[in-house]
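Line by line, the protein sequences are chains A and B.
Those letters in the first sequence? Residues 0 to 237, by numbering that gives the first Met the number 0.
Those letters in the second sequence? Residues 0 to 258, by numbering that gives the first Met the number 0.
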Amino acid sequence: MYEFFFVLIPRYFPFLLEGAIVTLELSFLSMALGLVLGLAVALGRLSGRKWLEWPLAAYVEIWRDVPLIVQLLVIYFTLPSIGLFLPAFWAGVLGLALNLAAYLSEVFRAAILSIDPGQRAAGLSIGMSGFMIHRRIILPQALRIAVPTIGGYFIALLKDSSLVSFISVNELLRNGTIVISNTFKSMEVYMMVAIIYFVMSFVAARLVQHVEQRLTPRHLRRGRRSQRALASQPAVMP
Amino acid sequence: MILQTQPEPLLQVRALHKSFGAHDVLKGVDLTVRPGEVSFVIGPSGGGKSTLIRCINFLETPSAGEIMFDGRHLCREEGNVFHVAPERELRAARSEMPMVFQHFNLFSHRTVIENVIEGPVMVKRRRRDEAIADAERLLAEVGLADKADRYPDELSGGQKQRVAIARALAMQPKLILFDEPTSALDPELVAGILDTIRALAERGMTLVVVSHEMGFARRLADVVHFIADGAIVESGPPQRIFDAPENPRLAAFIRSILH
Numbered sequence: 000m001y002e003f004f005f006v007l008i009p010r011y012f013p014f015l016l017e018g019a020i021v022t023l024e025l026s027f028l029s030m031a032l033g034l035v036l037g038l039a040v041a042l043g044r045l046s047g048r049k050w051l052e053w054p055l056a057a058y059v060e061i062w063r064d065v066p067l068i069v070q071l072l073v074i075y076f077t078l079p080s081i082g083l084f085l086p087a088f089w090a091g092v093l094g095l096a097l098n099l100a101a102y103l104s105e106v107f108r109a110a111i112l113s114i115d116p117g118q119r120a121a122g123l124s125i126g127m128s129g130f131m132i133h134r135r136i137i138l139p140q141a142l143r144i145a146v147p148t149i150g151g152y153f154i155a156l157l158k159d160s161s162l163v164s165f166i167s168v169n170e171l172l173r174n175g176t177i178v179i180s181n182t183f184k185s186m187e188v189y190m191m192v193a194i195i196y197f198v199m200s201f202v203a204a205r206l207v208q209h210v211e212q213r214l215t216p217r218h219l220r221r222g223r224r225s226q227r228a229l230a231s232q233p234a235v236m237p
Numbered sequence: 000m001i002l003q004t005q006p007e008p009l010l011q012v013r014a015l016h017k018s019f020g021a022h023d024v025l026k027g028v029d030l031t032v033r034p035g036e037v038s039f040v041i042g043p044s045g046g047g048k049s050t051l052i053r054c055i056n057f058l059e060t061p062s063a064g065e066i067m068f069d070g071r072h073l074c075r076e077e078g079n080v081f082h083v084a085p086e087r088e089l090r091a092a093r094s095e096m097p098m099v100f101q102h103f104n105l106f107s108h109r110t111v112i113e114n115v116i117e118g119p120v121m122v123k124r125r126r127r128d129e130a131i132a133d134a135e136r137l138l139a140e141v142g143l144a145d146k147a148d149r150y151p152d153e154l155s156g157g158q159k160q161r162v163a164i165a166r167a168l169a170m171q172p173k174l175i176l177f178d179e180p181t182s183a184l185d186p187e188l189v190a191g192i193l194d195t196i197r198a199l200a201e202r203g204m205t206l207v208v209v210s211h212e213m214g215f216a217r218r219l220a221d222v223v224h225f226i227a228d229g230a231i232v233e234s235g236p237p238q239r240i241f242d243a244p245e246n247p248r249l250a251a252f253i254r255s256i257l258h
């Protein structure tokens, strides 16, 4: 029978946790950047300006149709040849964020389009500006609709960030493989790595649930279990 | 003999055109609304009623013609060039002639009172506590004092429409536009909304109402405009429009709704 080396756990756990912290940093930074970019792309595509719409549509299409790992390799290994040197960590953040933004822009676009245009007309009819209507009327409602899906993408991102190990960022998975190359104990180490990913994702899913509930007006809070369950479903990323 | 001078028109529409692509919806509409006047716009569906009042406050941009509101041009023709006033002026005009919609169009993430104070606070930059005090008074007037903290989803259609009317009144408007305000309501709720509109008329508020409620138009209107095929075919006091229509199309329309 396989002999489990429990002694490895206290010895290497702190090193793996260091990697996990980098994973969280990668995830939060690229999420923040992805949200801002995704919203900007969605608003641009809905702006009614043709010169803005088609390049943004092309961006979304290209980024969704190329594997994330290929995007990361391109950003890290080919940008230096045109004089753009990004440290591996920031190349990772940029790659994850650009990829995420392409997906989130579609989430935002759909959510914005789901708001009844009559509310925009009502805002205009009392003299509100287009910007004010977006900020006060449309986006608050659209964001509430988008939160469960965004949450799903965040959970997916926590795990997809492991691809950044391919461009030598010392995040959780890469630290795990470093430990394995020193100890040759892949079973123990991968188990620890898997458990840490699970705990992070599990906590993230609960956080998403909490945020979603906070954003729901009180009269809608009951009877939404099915929608809440959707929030913890990770959306599929390439 | 004493010559009674008519007050200056509050709203003057001249030769207004609106086309969507190749489709001409308004083909030269003239309309005058004086302060305190209640004008009804009636006519067959597809005739341009809603397009006309949506053009008046620029929810739709007209294609040609002139609109003057409260002494200011919102659009005009100058040597065959069509000019539209800057966005800022259009917004200012809209805030003084808000619209009440067929489908209420309340802000669904805001409570009733938040719906009512949104315009005063965000557009007119009034202090929030003052706006709330005013909104509470307006809600009491339309019989919804106890619903201030409810969300639109929790209200009946009639209650929603009364919130929409309070939201328009909160702008301290010079004119209120009504776009078929009772068409989406259950029959038993229509009377309540009509009473609310009548109370506004009796207070001297200037109203432009697109409506299918002919009995209501007859009782309340100062002027009725019959619009068909993108033009106002006949205008006049309700007695004349309903009892002695001159235009054959109007006569046919009146017969069809009374049958």
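Using N, Cα and C, we set each Cβ at its ideal position, and we do this for glycine too.
Bridge partners - residue 26 of chain B, DSSP secondary structure assignment: Residue 26 of chain B is bridged by DSSP to B/16.
Using a beta-carbon distance below 8 Å, is residue 106 of chain B in contact with chain A? Answer yes: the Cβ-Cβ gap between residue 106 of chain B and chain A drops below 8 Å somewhere.
Three-state class that DSSP yields for residue 81 of chain B in the structure shown: If DSSP states are grouped into helix, strand and coil, residue 81 of chain B belongs with the strands.
Among residues of its own chain, excluding the 5 on either side of residue 10 of chain B, which ones have a beta-carbon nearer than 6 Å to its beta-carbon? Closer than 6 Å at Cβ, skipping near neighbours: 32 and 68.
Would residue 168 of chain A pass as a contact of residue 87 of chain A if the rule is Cβ separation under 8 Å? For residue 168 of chain A and residue 87 of chain A, yes; Cβs fall inside 8 Å.
Using a C-beta to C-beta distance shorter than 7 Å, which residues of chain A count as neighbours of residue 94 of chain B? Near residue 94 of chain B (Cβ distances below 7 Å), the residues of chain A are 125 and 126.
Does the Cβ-Cβ distance between residue 88 of chain B and residue 76 of chain B come in under 8 Å? No.
Beta carbon of residue 99 of chain B nearer than 8 Å to that of residue 224 of chain B: At the C-beta level, residue 99 of chain B and residue 224 of chain B stay beyond 8 Å of one another.
Determine, using beta carbons only, whether residue 122 of chain B comes closer than 8 Å to chain A. By the rule that beta-carbons nearer than 8 Å mark a contact, residue 122 of chain B touches chain A.
Members of the stretch 126-159 of chain A that neighbour chain B once the beta carbon cut-off is set at 8 Å: So the list reads 126, 127, 128, 131, 135, 136, 139, 140 and 143, given in the order they occur along the chain.
Contact defined as beta carbons within less than 8 Å: I believe residue 7 of chain A pairs with residue 182 of chain A. What is the distance between those atoms, to the nearest angstrom? Yes, they are in contact, since the Cβ atoms of residue 7 of chain A and residue 182 of chain A sit about 6 Å apart, within 8 Å.
Determine, using beta carbons only, whether residue 120 of chain A comes closer than 8 Å to chain B. Yes, residue 120 of chain A counts as interfacial toward chain B.
Sheet register partners of residue 178 of chain B (DSSP bridge): The beta-bridge partner set that DSSP reports for residue 178 of chain B consists of B/209.
Counting only runs that start and end within the stretch 34-98 of chain A, where is the alpha helix (DSSP H) found for 4 or more residues in a row? For the stretch 34-98 of chain A, the full-length alpha helix (DSSP H) segments reaching 4 residues or more read 49-64 and 67-77 along the chain.
Distance CB(residue 170 of chain A)-CB(residue 25 of chain A) smaller than 8 Å: Their beta carbons are under 8 Å apart, which means residue 170 of chain A touches residue 25 of chain A by this criterion.
Do you know offhand how far residue 59 of chain A's Cα is from residue 40 of chain A's? If you take the alpha carbons of residue 59 of chain A and residue 40 of chain A, they lie about 9 Å apart.
List the residues of chain A whose Cβ lies closer than 7 Å to the Cβ of residue 97 of chain B, in chain order. Under the 7 Å cutoff, chain A gives 124 and 125.
Three or more C-beta pairs below 8 Å linking the stretch 147-160 of chain B and the stretch 172-189 of chain B: When Cβ pairs closer than 8 Å are counted between the two stretches, the stretch 147-160 of chain B is seen to touch the stretch 172-189 of chain B, the count reaching three or more.
Other residues of its chain near residue 185 of chain B: CB distance less than 7 Å, five sequence neighbours each side excluded: In the same chain as residue 185 of chain B, and ignoring 5 residues on each side of it, the C-beta atoms closer than 7 Å to its own belong to 156, in chain order.
Give me the DSSP bridge partner(s) of residue 233 of chain B. Note: residue 233 of chain B sits in a beta bridge opposite B/225.
Quick check on DSSP: helix, strand or coil for residue 153 of chain A? Helix.
Can you tell me which of the three DSSP states residue 153 of chain B falls into? Residue state for residue 153 of chain B is assigned as helix, using DSSP reduced to three classes.
Find the residues of chain A that neighbour residue 168 of chain B, judging by a C-beta separation of less than 8 Å, and give them in chain order. Under the 8 Å cutoff, chain A gives no residues; its nearest Cβ is about 11 Å from residue 168 of chain B.
Name the residues in the stretch 73-93 of chain B whose C-beta lies less than 7 Å from a C-beta of chain D; which are they? Among the chains of the structure shown, chain D does not appear; the protein chains present are A and B.
Show which residues of chain A have a CB atom less than 9 Å away from the CB atom of residue 100 of chain B. Under a criterion of Cβ atoms nearer than 9 Å, the residues of chain A adjacent to residue 100 of chain B are, in order, 117, 120, 121 and 124.
I need the DSSP call for residue 31 of chain B, collapsed to helix, strand or coil. Correct three-state label for residue 31 of chain B: strand.
Can you say whether residue 186 of chain A is buried or exposed, counting buried as having 16 or more other CB atoms within 10 angstroms of its CB? Exposed.
Is it buried or exposed, residue 46 of chain B, if we count other Cβ atoms within 10 angstroms and call 16 or more buried? Under this definition residue 46 of chain B is a buried residue.
When the cut-off is 8 Å and only beta carbons count, does residue 58 of chain B lie next to chain A? Yes - at least one Cβ of chain A is within 8 Å of the one on residue 58 of chain B.
At the 8 Å Cβ level, is residue 66 of chain B part of the contact set with chain A, yes or no? False, the Cβ-Cβ gap to chain A never drops below 8 Å.
Contiguous alpha helix (DSSP H) assignments of at least 4 residues, all confined to the stretch 125-198 of chain A: Entirely contained in the stretch 125-198 of chain A, the alpha helix (DSSP H) runs reaching 4 residues are, in chain order, 129-132, 138-159 and 171-182.
Taking only beta-carbon positions, decide if residue 156 of chain B is within less than 8 Å of chain A. Using beta-carbon distances, residue 156 of chain B does not count as an interface residue toward chain A, since no partner is under 8 Å.
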